[in-house]
Ligand SMILES: [Zn+2]
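Residue numbers (our numbering): 20 to 295.
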């Protein structure tokens, strides 16, 4: 009996904080059937039109940060993995519930110190409500939009994040936000795709500097051509954000991961492996 109790206690405690910053990459699904014309490209102008949807867990000696929360809520999973389609004509699939992937490395949502999302679009917010007990890190302009008058049809799904309204919240003002105070995990404002879109910069001891770009770009071809999506909140602002982030990654020699890019995602180490 004693052993059983000890085991339960172990199962319920999150792992000990690591010495070095860690990054876990989760597979949170894929989106097929999107036309490149939505992104101002002609059919055939982009190599891969299928999007991947990653979620990321950052584990710092002083706490944890969940970055983006997927495209299918764990509660909407179909046991056979069949697609969950939404109003955009997209075919949305996910085969691994986020909480199952977190549990495999010893974490549950209540263990997570901070939640941040690149932006409010529904392919990033699916499991956001699970993290309403964390401290939410959000730009003021994004939060105002999320809880303002309903807009933007299928790409907003307020029911996935409505509990964040009452979550402990740190409202960001557009300047860099150093999450743990040591310069290793920094949220950078990059508005345009949405009013308060943001990206994440990590200084990993072995991997080096890394910028997780949210939807600053969707396809690598956008980086080369300067094209912006048709549904951009403010394309002018997007161009300015891209220029600032490109200068930043050049200056810091950071690699950039475009979240939805399948070619970036495919070779990445997936959780339970991690970057440090
Ligand atoms: Zn997206």
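Every residue, glycine too, gets a C-beta built ideally from N, C-alpha and C.
Exposed or buried, which one is residue i when buried takes at least 16 other CB atoms within 10 Å?
i, result
"residue 145", "buried"
"residue 135", "buried"
"residue 203", "buried"
"residue 197", "exposed"
"residue 153", "buried"
"residue 115", "buried"
"residue 166", "exposed"
"residue 201", "exposed"
Are residue i and residue j closer than 7 Å when you measure CB to CB?
i, j, result
"residue 74", "residue 45", "yes"
"residue 41", "residue 267", "no"
"residue 260", "residue 210", "yes"
"residue 109", "residue 53", "yes"
"residue 147", "residue 180", "yes"
"residue 111", "residue 175", "no"
"residue 117", "residue 89", "yes"
"residue 177", "residue 228", "no"
"residue 151", "residue 189", "no"
Give the DSSP-derived three-state secondary structure of residue i in the structure shown.
i, result
"residue 224", "coil"
"residue 159", "helix"
"residue 91", "coil"
"residue 246", "coil"
"residue 58", "helix"
"residue 287", "coil"
"residue 268", "helix"
"residue 208", "strand"
"residue 133", "strand"
"residue 53", "coil"
"residue 33", "coil"
"residue 231", "strand"
"residue 188", "strand"
"residue 77", "strand"
"residue 217", "strand"
"residue 144", "helix"
"residue 150", "helix"
"residue 27", "Note that residue 27 has pLDDT 47, beneath the 50 cutoff, so the model's placement of it is unreliable and no number is given."
"residue 111", "strand"
For residue i and residue j, I'd like the C-alpha separation in whole angstroms.
i, j, result
"residue 278", "residue 232", "6 Å"
"residue 84", "residue 291", "16 Å"
"residue 39", "residue 78", "8 Å"
"residue 244", "residue 129", "42 Å"
"residue 258", "residue 123", "39 Å"
"residue 103", "residue 286", "26 Å"
"residue 226", "residue 274", "10 Å"
"residue 269", "residue 98", "44 Å"
"residue 248", "residue 254", "8 Å"
Would a check of beta-carbon distances place residue i closer than 7 Å to chain B?
i, result
"residue 62", "Chain labels in this structure do not include chain B; a single protein chain is all it has."
Restricting to Cα atoms, I'd like to know which of the options is closest to residue i.
i, options, result
"residue 80", "37, 55, 283, 129", "37"
"residue 64", "274, 270, 238, 252", "238"
"residue 155", "219, 163, 133", "133"
"residue 235", "181, 86, 138", "138"
"residue 86", "149, 274, 243", "149"
"residue 185", "162, 59, 282, 205", "162"
"residue 59", "216, 190, 241", "241"
"residue 191", "140, 218, 62", "218"
"residue 125", "35, 257, 141", "35"
"residue 113", "289, 170, 285, 91", "91"
"residue 195", "263, 82, 72", "263"
"residue 48", "33, 93, 67", "93"
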